[in-house]
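There are 2 protein chains.
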Amino acid sequence: MKRVKLMVAYDGTNYCGWQVQPNGVSVAGMLNRHLSELLNEDIYVLGASRTDAGVHARGNVAVFDTAARMPADRISYALNARLPEDIRIQDSREVPPDFHPRFAKTRKTYEYKIWNRRFPEPCSRLYSLFYHWNLDVERMRRGAAYLVGTHDFTSFCTSKPEVTNRVRTIYSLEILAPEYDNQKSDLPVCSAQGEVMEHAGGRYENGVGMITVRICGNGFLYNMVRIIVGTLLKVGGGMMEPEEVQTILEAKDRSLAGDTAQAHGLTLVGIEYGQYESDKFNDK
Amino acid sequence: MKRVKLMVAYDGTNYCGWQVQPNGVSVAGMLNRHLSELLNEDIYVLGASRTDAGVHARGNVAVFDTAARMPADRISYALNARLPEDIRIQDSREVPPDFHPRFAKTRKTYEYKIWNRRFPEPCSRLYSLFYHWNLDVERMRRGAAYLVGTHDFTSFCTSKPEVTNRVRTIYSLEILAPEYDNQKSDLPVCSAQGEVMEHAGGRYENGVGMITVRICGNGFLYNMVRIIVGTLLKVGGGMMEPEEVQTILEAKDRSLAGDTAQAHGLTLVGIEYGQYESDKFNDK
Chain A
-14 MKRVKLMVAY DGTNYCGWQV QPNGVSVAGM LNRHLSELLN EDIYVLGASR
36 TDAGVHARGN VAVFDTAARM PADRISYALN ARLPEDIRIQ DSREVPPDFH
86 PRFAKTRKTY EYKIWNRRFP EPCSRLYSLF YHWNLDVERM RRGAAYLVGT
136 HDFTSFCTSK PEVTNRVRTI YSLEILAPEY DNQKSDLPVC SAQGEVMEHA
186 GGRYENGVGM ITVRICGNGF LYNMVRIIVG TLLKVGGGMM EPEEVQTILE
236 AKDRSLAGDT AQAHGLTLVG IEYGQYESDK FNDK
Chain B
-14 MKRVKLMVAY DGTNYCGWQV QPNGVSVAGM LNRHLSELLN EDIYVLGASR
36 TDAGVHARGN VAVFDTAARM PADRISYALN ARLPEDIRIQ DSREVPPDFH
86 PRFAKTRKTY EYKIWNRRFP EPCSRLYSLF YHWNLDVERM RRGAAYLVGT
136 HDFTSFCTSK PEVTNRVRTI YSLEILAPEY DNQKSDLPVC SAQGEVMEHA
186 GGRYENGVGM ITVRICGNGF LYNMVRIIVG TLLKVGGGMM EPEEVQTILE
236 AKDRSLAGDT AQAHGLTLVG IEYGQYESDK FNDK
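In the order they appear, the protein sequences are chains A and B.
Okay, so the first sequence: first residue is -14 according to my numbering, each after it adds one.
Okay, so the second sequence: first residue is -14 according to my numbering, each after it adds one.
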């Protein structure tokens, strides 16, 4: 018997989420089915992060136990040959039998992408939130700064009765906006013949293009990243002051924060397991 | 009667290309159909770049003439409300009646994306070529340098009998590889508990992640960008020396260059119309 750890990437568009559901095709369900066929035994994977419907991953982690003789590092190749192309194992390796993807000390990184223009961009429509209104990146950065550190994030989660400890640590929360930071982009502009060339600040006449909210922490409560993003959108859009983020945090009241931003903008980038400081959470 | 110029973005995955075809749904066909319904007259758009099946665009350009009274800048909104979400007008405006998207002096920019890792990444599978073998970015850059400037690109196109002038000017040809250039990426790495943290150079144990071949020129022959990319893949993979690109260029022999890289990695980024030097091409 050995324990195998998978690093799993997926396009969440066509799944009901990570977790097996009675109705709907889940990522874990696909892995269970194809691993069971491949290894000829009943396999049930345990995932590090039970992402919601529509959320994507570049590096979710799952473990399972098997008596099969196939070397752990070959399972990635064999499994990828069976899986649909919207799920791809990036790595498979044997881990100690006591390795548990959810209880180990972890450092998780998520990215939430916001496409801020006058109109949506078709090739990023499935992987970013389209946001039409003007966003002030500096305000978003000032608001985000209040969230970094160790706090009770009750105001920034959808409550689950079994989760009583809502203290988490955010190591970093970056608002990446390359077009904004470069002032102008080097993207060419379509203009009528003879018109003065413009550059991308005015390319679609408003918006700063792609904004990536990149957040790294020791763990995240239910919907926490999406509620943080929904709140920063209010700050960036001028409906809330950056300083109010501090007030909301202290109030421990979900109703004060912004909406839960849509799932399809969110990607679980990766999970590190190591010597990071962390609590034992109560969210099983 | 007025002439309207559209800036059109699309995800080419589900189209047979720009051009109307007897069998298959084309981008131009979708525009003709929805513009005709919207403006209540028969509309036929003329596109600047007749992209192939599977090729994407952020800024293709199309023009059409209409007697409709709707202001040109409102057509983008009205048309987007009718189009499927994989086509989005980014801008609509009136242009002079003699504006012609293909004969005007232009500067076109294309990007070709290559995902260079051990395994594909699901969320970029439709917008980049998956290339499994190791690529040497420096070699690709050295090979690319021979193509910049004004040359006869006969070796780098699929010949069309009606195109007799195969001289084009490439203003720039960049090989963007941020992970390679940063030496290491700041992407977190999944490793078993207690393992030393790695960074992304070794994240999937090979590959340099996303490589973007960005090419800007006064015009491109049929399949030219894709054949250039196919050739640079040979150079990067060690099957061809960078200096051979010069030899191939001089030989004016298509059979010496690399394969035509797959369509889905290619995106037409944008077209500038202006005072750029350019020939009148013979490719109608």
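Glycine residues also receive a C-beta, built at the ideal position from the N, C-alpha and C atoms.
The structure presented is a predicted model; accordingly, all values stated were derived computationally and were not measured.
(request) To the nearest angstrom, report how far apart methionine -14 of chain B and threonine 245 of chain A are at their CA atoms. (result) Against the second sequence, residue -14 of chain B aligns to sequence position 1. Against the first sequence, residue 245 of chain A aligns to sequence position 260. Computed Cα separation, rounded: 47 Å.
(request) Name the residue from B:Tyr97, B:Trp118 and B:Ser140 whose alpha carbon lies nearest to the alpha carbon of cysteine 201 of chain B. (result) On the second sequence, position 216 is the one that residue 201 of chain B refers to. It is B:Tyr97.
(request) State the Cα-Cα distance for the pair glutamate 164 of chain B and phenylalanine 49 of chain A, rounded to the nearest angstrom. (result) As a first step, residue 164 of chain B must be located in the second sequence, where it is residue number 179. As a first step, residue 49 of chain A must be located in the first sequence, where it is residue number 64. For glutamate 164 of chain B and phenylalanine 49 of chain A, the distance between alpha carbons rounds to 32 Å.
(request) Just confirm the distance between the C-beta atoms of valine 46 of chain B and methionine -8 of chain B, as a whole number of angstroms; I'd bet it's less than 8 Å. (result) Counted from its first residue, the second sequence places residue 46 of chain B at position 61. Counted from its first residue, the second sequence places residue -8 of chain B at position 7. The pair is a contact, with the Cβ atoms about 6 Å apart (cut-off 8 Å).
(request) Closer than 9 Å, Cβ to Cβ, to anything on chain D: give me those residues from the region 27 to 42 of chain A, in chain order. (result) In summary, chain D is missing from the structure at hand, where the protein chains are A and B.
(request) Please classify glycine 2 of chain A: does DSSP put it in a helix, a strand, or coil? (result) Residue 2 of chain A sits at position 17 when you count from the first residue of the first sequence. Looking at glycine 2 of chain A - three-state DSSP - the assignment turns out to be strand.
(message) Please identify the residue among A:Tyr112, A:Val(-11), A:Thr36 and A:Ser21 whose C-alpha is closest to the C-alpha of cysteine 1 of chain A.
(response) One-based indexing of the first sequence puts residue 1 of chain A at position 16. When only C-alpha atoms are compared, the closest one is A:Thr36.
(message) Spatial neighbours of threonine 143 of chain B within its chain, please: C-beta separation below 6 Å, excluding the five flanking residues on both sides.
(response) The residue labelled residue 143 of chain B in the question sits at position 158 within the second sequence. Result list for threonine 143 of chain B: Tyr207 and Asn208, in chain order.
(request) Out of B:Asn101, B:Glu257 and B:Thr135, state which residue places its alpha-carbon closest to the alpha-carbon of alanine 162 of chain B. (result) Here residue 162 of chain B refers to the residue found at position 177 of the second sequence. Per the Cα distances, B:Asn101.
(request) Could you tell me whether the Cβ of aspartate 50 of chain B comes closer than 8 Å to any Cβ of chain A? (result) As a working note, residue 50 of chain B is residue 65 in the second sequence. By this cut-off, aspartate 50 of chain B is not an interface position.
(message) For serine 61 of chain B, count the other beta carbons within 10 Å of its own beta carbon; 16 or more makes it buried, fewer makes it exposed. Which is it?
(response) Position 76 of the second sequence, counted from the start, is the residue given in the question as residue 61 of chain B. Buried, since its Cβ has 16 or more Cβ neighbours within 10 Å.
(request) Output the distance between the C-alpha atoms of valine 148 of chain A and phenylalanine 138 of chain A, rounded to the nearest integer angstrom. (result) Taking the first residue of the first sequence as 1, we reach residue 148 of chain A at position 163. Taking the first residue of the first sequence as 1, we reach residue 138 of chain A at position 153. Cα to Cα, valine 148 of chain A sits roughly 12 Å from phenylalanine 138 of chain A.
(request) Give me the Cα-Cα distance between proline 86 of chain A and glycine 255 of chain A, rounded to the nearest whole angstrom. (result) Along the first sequence, read from residue 1 onward, the residue named residue 86 of chain A stands at position 101. Along the first sequence, read from residue 1 onward, the residue named residue 255 of chain A stands at position 270. Answer to the nearest angstrom: the Cα atoms are 12 Å apart.
(request) Would you list, in sequence order, the uninterrupted alpha helix (DSSP H) runs of no fewer than 4 residues that lie entirely inside the region 86 to 146 of chain B? (result) Counting whole runs of 4 or more residues, the region 86 to 146 of chain B contains the alpha helix (DSSP H) stretches 122 to 130.
(request) Run down chain B in chain order and give the residues with a C-beta less than 9 Å from the C-beta of asparagine 65 of chain A. (result) What you label residue 65 of chain A is simply residue 80 of the first sequence in a count that begins at 1. Those within 9 Å of asparagine 65 of chain A in chain B are Phe104 and Pro105.
(request) Kindly list, in the order they appear in chain A, the residues whose Cβ is closer than 7 Å to that of alanine -6 of chain B. (result) Here residue -6 of chain B is taken as the residue at index 9 of the second sequence, counted from 1. Under the 7 Å cutoff, chain A gives Glu106 and Pro107.
(request) Note down, in chain order, every chain A residue with its Cβ under 9 Å from the Cβ of glutamate 70 of chain B. (result) Here residue 70 of chain B is taken as the residue at index 85 of the second sequence, counted from 1. Here the neighbours are Pro105, Pro107 and Arg110.
(message) Counting only C-beta atoms, is serine 113 of chain B closer than 8 Å to chain A at any point?
(response) Position 128 of the second sequence, counted from the start, is the residue given in the question as residue 113 of chain B. No, its Cβ sits nowhere closer than 8 Å to a Cβ of chain A.
(message) Would serine 77 of chain B pass as an interface residue toward chain A - the criterion being a Cβ-Cβ separation below 8 Å?
(response) Looking up residue 77 of chain B in the second sequence gives position 92. With 8 Å as the cut-off, serine 77 of chain B does not count as an interface residue toward chain A.
(message) Any beta carbon from chain A within less than 8 Å of arginine 73 of chain B's own beta carbon?
(response) Translated into the one-based positions of the second sequence, residue 73 of chain B becomes position 88. It does: the Cβ of arginine 73 of chain B has a partner Cβ on chain A nearer than 8 Å.
(request) May I ask you to report which of helix, strand or coil DSSP gives isoleucine 212 of chain A? (result) The residue you call residue 212 of chain A lines up with position 227 of the first sequence. Helix at isoleucine 212 of chain A.
(request) Within its chain, find whatever has a CB closer than 6 Å to the CB of leucine 132 of chain A; leave out the 5 residues flanking it on each side and keep chain order. (result) Taking the first residue of the first sequence as position 1, residue 132 of chain A is located at position 147. Result list for leucine 132 of chain A: Ile155 and Leu158, in chain order.
(request) Give a yes or no on whether 8 Å exceeds the smallest Cβ distance from serine 140 of chain A to chain B. (result) Within the first sequence, numbered from 1, the residue matching residue 140 of chain A stands at position 155. Closer than 8 Å: no.
(message) Less than 8 Å between CB atoms is the rule here; does serine 61 of chain A satisfy it with respect to chain B?
(response) Reading the first sequence from its first residue, position 76 is the one you call residue 61 of chain A. With 8 Å as the cut-off, serine 61 of chain A counts as an interface residue toward chain B.
(message) What does the alpha-carbon distance come out to for the pair leucine 234 of chain A and glutamine 247 of chain A?
(response) As a first step, residue 234 of chain A is located in the first sequence; it is residue number 249 there, counting from the start. As a first step, residue 247 of chain A is located in the first sequence; it is residue number 262 there, counting from the start. Looking at the two C-alpha atoms, the distance is approximately 21 Å.
(request) Return the residue from the list A:Gly32, A:Arg199 and A:Glu226 that minimises the CA-CA distance to arginine 211 of chain A. (result) Here residue 211 of chain A refers to the residue found at position 226 when the first sequence is read from its first residue. Looking at the Cα atoms, A:Arg199 is the closest of the given residues.
(request) Under the assumption that leucine 20 of chain A contacts leucine 64 of chain A (Cβ atoms under 8 Å), give the Cβ distance between them as a whole number of angstroms. (result) As a position in the first sequence, residue 20 of chain A is number 35, starting the count at 1. As a position in the first sequence, residue 64 of chain A is number 79, starting the count at 1. Taking 8 Å as the upper bound for CB-CB distance, leucine 20 of chain A and leucine 64 of chain A are in contact here, some 6 Å apart.
(request) Run the CB neighbour count on methionine 276 of chain B, radius 10 Å, all protein chains shown included, and call it buried at 16 or more, exposed below. (result) Residue coverage of chain B in this structure runs from -14 to 269, which leaves residue 276 of chain B outside it and unanswerable.
(message) DSSP has leucine -9 of chain A in a bridge; who is on the other side?
(response) The residue given as residue -9 of chain A occupies position 6 in the first sequence. Answer is A:Ala47 and A:Ser77.
(request) Would you mind reading off the limits of the beta strand (DSSP E) that contains glutamate 159 of chain A? (result) What you label residue 159 of chain A is simply residue 174 of the first sequence in a count that begins at 1. 152 to 161 is the extent of the beta strand (DSSP E) around glutamate 159 of chain A.
(message) Across the region 214 to 232 of chain A and the region 9 to 29 of chain A, are there enough close Cβ pairs to call them in contact, namely three or more that are closer than 8 Å?
(response) no
(request) Measure the C-alpha to C-alpha separation of leucine 241 of chain B and glycine 215 of chain B and round it to an integer number of angstroms. (result) To locate residue 241 of chain B, count along the second sequence from 1; it is residue 256. To locate residue 215 of chain B, count along the second sequence from 1; it is residue 230. Answer to the nearest angstrom: the Cα atoms are 11 Å apart.
(request) State the start and end residues of the unbroken alpha helix (DSSP H) segment that holds tyrosine 62 of chain B. (result) Locating residue 62 of chain B in the second sequence gives position 77, where the first residue counts as 1. Residues 57 to 65.
(message) Quick check: the Cα distance between alanine 129 of chain A and leucine 217 of chain A, rounded to an integer number of angstroms?
(response) Walking along the first sequence from the start, residue 129 of chain A turns up at place 144. Walking along the first sequence from the start, residue 217 of chain A turns up at place 232. Roughly 7 Å between the two C-alpha positions.
(message) Beta-carbon within less than 8 Å of valine -11 of chain B's beta-carbon, same chain only, minus the 5 sequence neighbours each way: which residues are those?
(response) Translated into positions along the second sequence, residue -11 of chain B becomes position 4. Closer than 8 Å at Cβ, skipping near neighbours: Val48, Phe49, Asp50, Thr51, Ala57, Ile60, Ser77, Arg78, Glu79 and Val80.
(request) Please say whether threonine 252 of chain B and valine 110 of chain B have beta carbons closer to each other than 8 Å? (result) Taking the first residue of the second sequence as 1, we reach residue 110 of chain B at position 125. Taking the first residue of the second sequence as 1, we reach residue 252 of chain B at position 267. Rather than valine, the amino acid found at residue 110 of chain B in this sequence is arginine. Not a contact, by the Cβ cut-off of 8 Å.
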